[in-house]
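A.B. asks: Residues in the sequence shown are numbered from 1 upward in steps of one, following our numbering. C-beta: ideal position from N, C-alpha, C; glycine also. This structure is in structure tokens; I'll ask about it shortly.
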Amino acid sequence: MHRKRLLKQIETTYDLFKTIHPQELEEVLKEYQDLDIKLDMKEEVIEGFTIYDKSRYVFREKELGKNIRMQNRKDIFGNGNEPTKIDTDSKQFKLEIQKVIKEALTTSYLKSPRPDGLLSEHIMTMNFDNIVPSLIALKKHSFLERYTPRNQRAEFRKAVENAFPMVRERLYELETKKEKETLENKFKLIGNLLRKGVFAIGTKQGSVRLLFQSLGVKYHNNKLSFTDSNRHTVHVPLGHLPFPENMEKFVSTGFVRQNHLMLEMLSEQSSENSPKLTASAIFLPMIFPKLYEKMNPVYKQQYEKVALASYVKNAERMHAPFEKSPKDYIALFNAKGFYFVKGEKGFEARSIYTDNRTSCPLPKRTSLYLDSIPDLTTTLKEQQTVINDLVKDGRNNLKNLWAGHLMERGVYDKFAFMLTNERTYPNLHREIVQHHMDNGLEKSITELVARRKNVQQNRLLRRGVYAISSLLGSCSSSEEMFNGFKDEFTDFTKFKGKGKGMGMSW
Numbered sequence: 001m002h003r004k005r006l007l008k009q010i011e012t013t014y015d016l017f018k019t020i021h022p023q024e025l026e027e028v029l030k031e032y033q034d035l036d037i038k039l040d041m042k043e044e045v046i047e048g049f050t051i052y053d054k055s056r057y058v059f060r061e062k063e064l065g066k067n068i069r070m071q072n073r074k075d076i077f078g079n080g081n082e083p084t085k086i087d088t089d090s091k092q093f094k095l096e097i098q099k100v101i102k103e104a105l106t107t108s109y110l111k112s113p114r115p116d117g118l119l120s121e122h123i124m125t126m127n128f129d130n131i132v133p134s135l136i137a138l139k140k141h142s143f144l145e146r147y148t149p150r151n152q153r154a155e156f157r158k159a160v161e162n163a164f165p166m167v168r169e170r171l172y173e174l175e176t177k178k179e180k181e182t183l184e185n186k187f188k189l190i191g192n193l194l195r196k197g198v199f200a201i202g203t204k205q206g207s208v209r210l211l212f213q214s215l216g217v218k219y220h221n222n223k224l225s226f227t228d229s230n231r232h233t234v235h236v237p238l239g240h241l242p243f244p245e246n247m248e249k250f251v252s253t254g255f256v257r258q259n260h261l262m263l264e265m266l267s268e269q270s271s272e273n274s275p276k277l278t279a280s281a282i283f284l285p286m287i288f289p290k291l292y293e294k295m296n297p298v299y300k301q302q303y304e305k306v307a308l309a310s311y312v313k314n315a316e317r318m319h320a321p322f323e324k325s326p327k328d329y330i331a332l333f334n335a336k337g338f339y340f341v342k343g344e345k346g347f348e349a350r351s352i353y354t355d356n357r358t359s360c361p362l363p364k365r366t367s368l369y370l371d372s373i374p375d376l377t378t379t380l381k382e383q384q385t386v387i388n389d390l391v392k393d394g395r396n397n398l399k400n401l402w403a404g405h406l407m408e409r410g411v412y413d414k415f416a417f418m419l420t421n422e423r424t425y426p427n428l429h430r431e432i433v434q435h436h437m438d439n440g441l442e443k444s445i446t447e448l449v450a451r452r453k454n455v456q457q458n459r460l461l462r463r464g465v466y467a468i469s470s471l472l473g474s475c476s477s478s479e480e481m482f483n484g485f486k487d488e489f490t491d492f493t494k495f496k497g498k499g500k501g502m503g504m505s506w
């Protein structure tokens, strides 16, 4: 499988170029196909190349096929002195032009401050001049232009402009078809959710509108349509439907997508090929509180188990730079409000944000990793001190986890706003907090202070800085445990690459 993919990627690269200077093959494959290769040198002679694939397999070129060996492709590599040049008459070059135009059209829509309408509507309002800024900012466009011969660059730009109307029309038709299918699928999903009783909602008080909003659709005049467009509709004869009180004014499209995926899973409409849930799935009750309050307990337990597993998997990757032992693994999760219990089949993760009966099993190798802790029983008991302190301080709220999530993603401005305006503290280990303070968080808070002129607001902001400092300073009753972790963290002589790999390799 990996051989076939790599062979196809290299053959596609050869189809695009008229000549490739052997010394530039590494750069070309990295930039065009995101492949890591190393030239095989004997003294100063290039004998071929070795591919270091993301699958962690390593291949020599001769293992993939005779047709890609440098010695057998004199038409591409010539006598070794020809500069690298794209073949502007090739079929592959024309395909790449179409790809960059399509990407520029999509990017110009996604990077709008708040996209107005659907992608299909956006596409048909665009002319070539509108997408030029997005086009020239694309790495793929820069790549094509750089390797186009200088005397043909004017022709390259003209070719892009000439291809624009055809690409725009095709993308418009494709997106129109996808949007219609998406709306139909949302309609079917809503019907399935109502039949199964996933939520205790109905038409009497208009609570079904909460479900509509969470899936990115609206109801008006017996029609269902997308929230931000009336272009496509589905007939839904519900008559007059009142609005429930205090509906959310604006909902992020990212959370709408996550909610759609989650509800498809709960209604068993998802498939193995469906997009995967991300860590943000655990925050859905925070985004759609009124809807998730009405969730059937049976389905809520299913939701929490799936969301917990998605978050734990993501958190393991985020913890990788800070984790150097099984104890670190536990301490990093404890600070976030997650803890572990050991059962007959291995370890399970639980949290202060879900029902205490809700858990997700850890992979077998992670269980073995945690089992290697010498004083495991004591370590597991010590978790309760940290968890109890979070609950006691009222930090068993998803907003506290979200604040830490924003910090980990580097969204410092939004975190600074939550900290200073809402007094929401992050549930995050202090070593990670310190890392982000040094990495630009402190600067973001300081700049926010400078932008605010109101004295009262400045006072709140300074309290935010103080609050962060207090997280880094004195500890609560869990001080002994955290100090032990800090010593482990700062003593790099204790680093064990093998141990870290066992815990984080998946």
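Grouping DSSP H, G and I as helix and E and B as strand, with all else coil, what is Glu348?
C.D. replies: As a position in the sequence shown, residue 348 is number 348, starting the count at 1. The answer is strand: DSSP assigns Glu348 an E or B state.
A.B. asks: In chain order, what residues of the same chain lie with their CB nearer than 6 Å to the CB of Met587, ignoring the 5 residues before and after it?
C.D. replies: Only positions 1 to 506 of the chain appear in this structure, which leaves residue 587 out of reach.
A.B. asks: Name the one or two DSSP bridge partners that Val58 has.
C.D. replies: Stepping through the sequence shown from its first residue, residue 58 is reached at position 58. In DSSP, Val58 forms a bridge with Tyr52.
A.B. asks: Helix, strand or coil for Leu39, going by three-state DSSP, please let me know.
C.D. replies: As a first step, residue 39 must be located in the sequence shown, where it is residue number 39. Of the three classes helix, strand and coil, the one that applies to Leu39 here is strand, per DSSP.
A.B. asks: Do Phe340 and Leu380 have their beta-carbon atoms positioned less than 9 Å apart in this structure?
C.D. replies: The residue given as residue 380 occupies position 380 in the sequence shown. The residue given as residue 340 occupies position 340 in the sequence shown. Contact flag set, yes.
A.B. asks: When you compare only the Cα positions, how much space is there between Thr148 and Leu291?
C.D. replies: As a working mapping, residue 148 is identified with position 148 in the sequence shown. As a working mapping, residue 291 is identified with position 291 in the sequence shown. For Thr148 and Leu291, the distance between alpha carbons rounds to 55 Å.
A.B. asks: Which residues does DSSP list as the beta-bridge partners of Val234?
C.D. replies: Position 234 of the sequence shown, counted from the first residue, corresponds to residue 234. For Val234, which the question treats as bridged, DSSP gives the partners Leu224.
A.B. asks: For Val449, which of helix, strand or coil comes out of DSSP?
C.D. replies: Locating residue 449 in the sequence shown gives position 449, counting from the first residue. Note: Val449 maps to helix in three-state DSSP.
A.B. asks: Which whole-angstrom value describes the C-beta separation of Leu16 and Glu96, a residue pair presumed to lie in contact below a C-beta threshold of 8 Å?
C.D. replies: If you number the sequence shown from 1, residue 16 lands on position 16. If you number the sequence shown from 1, residue 96 lands on position 96. Indeed, because the Cβ distance is near 7 Å, the residues count as touching under 8 Å.
A.B. asks: Would you kindly work out how many angstroms separate the C-alpha atoms of Val298 and Thr354, rounded to a whole number?
C.D. replies: Here the question's residue 298 lines up with position 298 in the sequence shown. Here the question's residue 354 lines up with position 354 in the sequence shown. Their Cα atoms are separated by approximately 13 Å.
A.B. asks: State buried or exposed for Pro426, treating a residue as buried only when at least 16 other CB atoms are found within 10 Å of its CB.
C.D. replies: As a position in the sequence shown, residue 426 is number 426, starting the count at 1. Buried.
A.B. asks: To which residues of the same chain is Gly206 closer than 8 Å at the C-beta, ignoring the five residues directly before and after it?
C.D. replies: As a working mapping, residue 206 is identified with position 206 in the sequence shown. Closer than 8 Å at the Cβ level, and outside the excluded window around Gly206, lie Leu241, Pro242, Phe243 and Pro244.
A.B. asks: Reducing DSSP to helix, strand and coil, say where Glu161 ends up.
C.D. replies: Counting from one through the sequence shown, the residue named residue 161 turns up at place 161. Note: Glu161 maps to helix in three-state DSSP.
A.B. asks: Could you say which of Asn400, Arg317, Phe333 and Gln301 lies nearest to Arg357 if we only look at CA atoms?
C.D. replies: Taking the first residue of the sequence shown as position 1, residue 357 is located at position 357. Among Asn400, Arg317, Phe333 and Gln301, the Cα nearest to that of Arg357 is on Gln301.
A.B. asks: Taking Leu118 as the reference, which of Leu277, Leu390 and Arg231 has the closest Cα?
C.D. replies: Taking the first residue of the sequence shown as position 1, residue 118 is located at position 118. Residue Arg231 is the option with its Cα nearest to Leu118.
A.B. asks: For my contact list, Thr19 and Gly65 are in at a C-beta cut-off of 8 Å; report their separation, rounded to the angstrom.
C.D. replies: In the sequence shown, counting from the first residue as 1, residue 19 sits at position 19. In the sequence shown, counting from the first residue as 1, residue 65 sits at position 65. Not really, about 20 Å apart at Cβ, beyond 8 Å.
A.B. asks: Where do the N-terminal and C-terminal ends of the beta strand (DSSP E) with Thr84 fall, by residue?
C.D. replies: The count along the sequence shown starts at 1 and reaches residue 84 at position 84. Run containing Thr84: none; DSSP gives neither H nor E here.
A.B. asks: How about Phe255 and Ser280: do their beta carbons lie closer than 9 Å?
C.D. replies: Working through the sequence shown from its first residue, we reach residue 255 at position 255. Working through the sequence shown from its first residue, we reach residue 280 at position 280. In contact: Phe255 and Ser280 (Cβ atoms closer than 9 Å).
A.B. asks: Skipping 5 residues on each side, what residues in its chain have a beta carbon closer than 7 Å to that of Val391?
C.D. replies: The count along the sequence shown starts at 1 and reaches residue 391 at position 391. Contacts found: Ile352.
A.B. asks: Please determine, among Ser325, Lys324 and Tyr329, the residue with the shortest C-alpha to C-alpha distance to Lys313.
C.D. replies: Position 313 of the sequence shown, counted from the start, is the residue given in the question as residue 313. Taking only the C-alpha atoms, the option nearest Lys313 is Tyr329.
A.B. asks: Can you tell me where the beta strand (DSSP E) with Gly343 in it begins and where it stops?
C.D. replies: One-based indexing of the sequence shown puts residue 343 at position 343. Here the beta strand (DSSP E) through Gly343 covers Phe338 to Gly343.
A.B. asks: On a CA-only basis, which of Lys94, Arg168, Arg153 and Lys140 is nearest Asn130? Give me that one, please.
C.D. replies: Along the sequence shown, read from residue 1 onward, the residue named residue 130 stands at position 130. Of Lys94, Arg168, Arg153 and Lys140, the residue nearest in Cα terms is Arg168.
A.B. asks: Quick check: the stretch 192 to 207 against the stretch 130 to 144, are at least 3 beta-carbon pairs closer than 8 Å?
C.D. replies: No: the two stretches stay apart, fewer than three of their Cβ pairs being nearer than 8 Å.
A.B. asks: Are Phe199 and Leu144 closer than 9 Å when you measure CB to CB?
C.D. replies: Here the question's residue 199 lines up with position 199 in the sequence shown. Here the question's residue 144 lines up with position 144 in the sequence shown. Cβ atoms of Phe199 and Leu144: not closer than 9 Å.
A.B. asks: Answer with buried or exposed for Ser142, where buried requires no fewer than 16 other C-beta atoms within 10 angstroms of its C-beta.
C.D. replies: The residue given as residue 142 occupies position 142 in the sequence shown. So Ser142 ends up on the exposed side.
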